[in-house]
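Its first residue numbered 31, the sequence shown is counted upward by one per residue in the numbering used here.
In what follows, a single structure is set out as structure tokens and then discussed.
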Amino acid sequence: MNEAYIDLLTNLESLESVVVAFSGGVDSTFLLYACKQVLGDNVIAVTVDSPYIPRWEIEESKELVSLFGVKHHIIKVDIPDNIANNPEDRCYLCKKEIFSNIIKYKNEIDFKYVVDGSNYDDTKDYRPGMRALKELDVRSPLLESKLTKAQIRELSKQQKVPTWNKPAYACLLSRLPYNTQIFTHELRKIELAEKFIMDKGFKGIRVRSFGDTAKIEIFKEDMERFLNYENIKDINEKLIELGYKVVTLDLGGYSMGKMNRSIEERNN
31 MNEAYIDLLT
41 NLESLESVVV
51 AFSGGVDSTF
61 LLYACKQVLG
71 DNVIAVTVDS
81 PYIPRWEIEE
91 SKELVSLFGV
101 KHHIIKVDIP
111 DNIANNPEDR
121 CYLCKKEIFS
131 NIIKYKNEID
141 FKYVVDGSNY
151 DDTKDYRPGM
161 RALKELDVRS
171 PLLESKLTKA
181 QIRELSKQQK
191 VPTWNKPAYA
201 CLLSRLPYNT
211 QIFTHELRKI
221 ELAEKFIMDK
231 GFKGIRVRSF
241 GDTAKIEIFK
251 EDMERFLNYE
261 NIKDINEKLI
271 ELGYKVVTLD
281 LGGYSMGKMN
291 RSIEERNN
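Below, the structure is given as structure tokens:
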């Protein structure tokens with residue numbers, strides 16, 4: 031255990047009782063594991079179930095919480111009216127809505143803190159949702175201990191946390207262009223398209239949705255395997271079946287936050 035991990039455990043112990051905003055990703059899973067180690071039964075995982083969260087991710091979150099022996103509470107939310115057109119500050123507005131609901135639950139059960147899985151790397155990227163967390167006094171213990179994503183993966187591996195090598199994932203709204211209306215049926219279409227491709231063994235993928243056009247992003251190291259004729263034929267047919275008319279491949283491969291590039295360029 032390195033100094034940052036010891037610092038994390040000490041920090042968590044001082045919080046006494048926490049509600050963990052739990053998505054089932056690498057960061058929140060490691061945080062939940064660490065909270066359980068030092069706080070025991072004074073930990074509750076809360077998962078948000080909304081139209082922009084894939085069904086498989088909700089089910090995975092249930093399995094992980096059960097594995098750790100932690101109480102699990104699920105909050106169902108609809109798409110807030112103020113993000114219905116996918117504004118550029120969507121992440122801020124969404125986080126404000128979601129965490130307000132989690133804080134309300136925390137107050138109902140008389141726990142002391144809501145904590146989330148933001149890590150130190152999140153301070154170096156376009157993350158408008160971080161502002162909402164600060165405004166609501168949500169604690170981010172991994173960030174406070176300056177743990178990076180790479181360190182969290184390594185510590186997860188050491189502690190045998192099963193998500194140590196799980197690919198990063200983001201909500202389905204990140205697949206849509208900003209300033210376009212959000213439709214539940216389109217989110218389901220994206221979810222089913224990505225699940226079909228992931229089930230073929232491609233874990234780090236995104237299906238960016240532009241109306242009738244799907245643009246697939248995959249890891250560059252998977253590109254050659256992806257371009258097998260039978261594979262692309264199957265994927266093309268499936269996505270057409272789901273409702274897309276044109277299916278394309280981003281030759282630059284997958285990289286995080288491609289939809290944010292125009293905002294970052296404008297802000298710079």
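Using N, Cα and C, we set each Cβ at its ideal position, and we do this for glycine too.
Neighbourhood of Ile270 by C-beta, 8 Å cutoff - its chain only, sequence neighbours within 5 removed
Within the sequence shown, residue 270 is the residue found at index 240, counting from 1. Within the same chain, Ile270 has close Cβ partners Val277.
From Leu42 to Asp242, what does the alpha carbon distance come to, in whole angstroms?
Taking the first residue of the sequence shown as position 1, residue 42 is located at position 12. Taking the first residue of the sequence shown as position 1, residue 242 is located at position 212. Taking the straight line joining both Cα atoms gives about 47 Å.
Count the other CB atoms, across all protein chains shown, that sit within 10 Å of the CB of Gln188; report buried if there are 16 or more and exposed otherwise.
Here residue 188 corresponds to residue number 158 of the sequence shown, with the count starting at 1. Burial call: exposed.
Every unbroken alpha helix (DSSP H) within the segment 200-278, with a cutoff of 4 residues, ordered by chain:
214-228, 253-256 and 259-272
Start and end residues, beta strand (DSSP E) containing Val68:
Numbered from its first residue, the sequence shown carries residue 68 at position 38. Per DSSP, Val68 belongs to no beta strand (DSSP E); it is in the alpha helix (DSSP H), Val56 to Leu69.
Could you name the residues of the same chain whose beta carbon sits closer than 6 Å to that of Phe226, not counting the 5 residues immediately before and after it, in chain order?
Here the question's residue 226 lines up with position 196 in the sequence shown. These residues qualify, in order along the chain: Lys268.
Closest by C-alpha distance to Leu45, when choosing among Tyr135, Phe98, Asp111 and Val68
As a position in the sequence shown, residue 45 is number 15, starting the count at 1. Nearest option by C-alpha distance: Val68.
Going by CA-CA distance only, name the one from Ile133, Leu123 and Glu184 that's closest to Arg299.
Because residue 299 is not part of the residues shown, which for the chain are 31 to 298, the question remains open.
Range covered by the alpha helix (DSSP H) that runs through Val95:
Residue mapping note: residue 95 aligns to position 65 of the sequence shown, counting from 1. Element bounds for Val95: Arg85 to Phe98.
Measure how close the beta-carbons of Pro158 and Cys121 come, nearest whole angstrom, since I'm counting them as under 8 Å.
Within the sequence shown, residue 158 is the residue found at index 128, counting from 1. Within the sequence shown, residue 121 is the residue found at index 91, counting from 1. Right, their Cβ atoms sit about 5 Å apart.
Can you tell me which of the three DSSP states Tyr284 falls into?
Looking up residue 284 in the sequence shown gives position 254. Coil at Tyr284, not helix or strand.
Phe129 and Val49 closer than 7 Å at C-beta
Translated into positions along the sequence shown, residue 129 becomes position 99. Translated into positions along the sequence shown, residue 49 becomes position 19. Their beta carbons are not under 7 Å apart, which means Phe129 does not touch Val49 by this criterion.
Are the beta-carbon atoms of Tyr150 and Leu173 separated by less than 7 Å?
Here residue 150 refers to the residue found at position 120 of the sequence shown. Here residue 173 refers to the residue found at position 143 of the sequence shown. Contact flag set, yes.
For Lys230, which residues in the same chain have their Cβ closer than 7 Å to its Cβ, ignoring the five residues on either side in sequence?
Here residue 230 refers to the residue found at position 200 of the sequence shown. Cβ within range, chain order: Asn261.
Take Lys233 and list the residues in its own chain whose beta-carbon comes closer than 6 Å to its own, dropping the five residues that flank it on each side.
By one-based count along the sequence shown, residue 233 stands at place 203. Closer than 6 Å at the Cβ level, and outside the excluded window around Lys233, lie Pro197.
Short check: CB of Phe60 to CB of Ile182, under 7 Å?
Your numbering for residue 60 matches position 30 in the sequence shown. Your numbering for residue 182 matches position 152 in the sequence shown. Against a cut-off of 7 Å, the Cβ pair of Ile182 and Phe60 comes out as a contact.
Run the proximity test for Leu62: is its beta-carbon closer than 6 Å to any non-hydrogen atom belonging to the ligand HEM?
In the structure shown, the ligand HEM is absent, as is every other ligand, since no ligand is present at all.
Distance CB(Ala75)-CB(Val100) smaller than 7 Å:
Looking up residue 75 in the sequence shown gives position 45. Looking up residue 100 in the sequence shown gives position 70. Contact: yes.
Determine the closest residue to Val311 out of Thr193, Cys65 and Lys179, with distance taken between C-alpha atoms.
Only positions 31 to 298 of the chain appear in the structure, and residue 311 is not among them; the question remains open.
Provide the residue span of the alpha helix (DSSP H) that contains Thr40, from first to last.
As a first step, residue 40 must be located in the sequence shown, where it is residue number 10. Residues Glu33 to Leu45.
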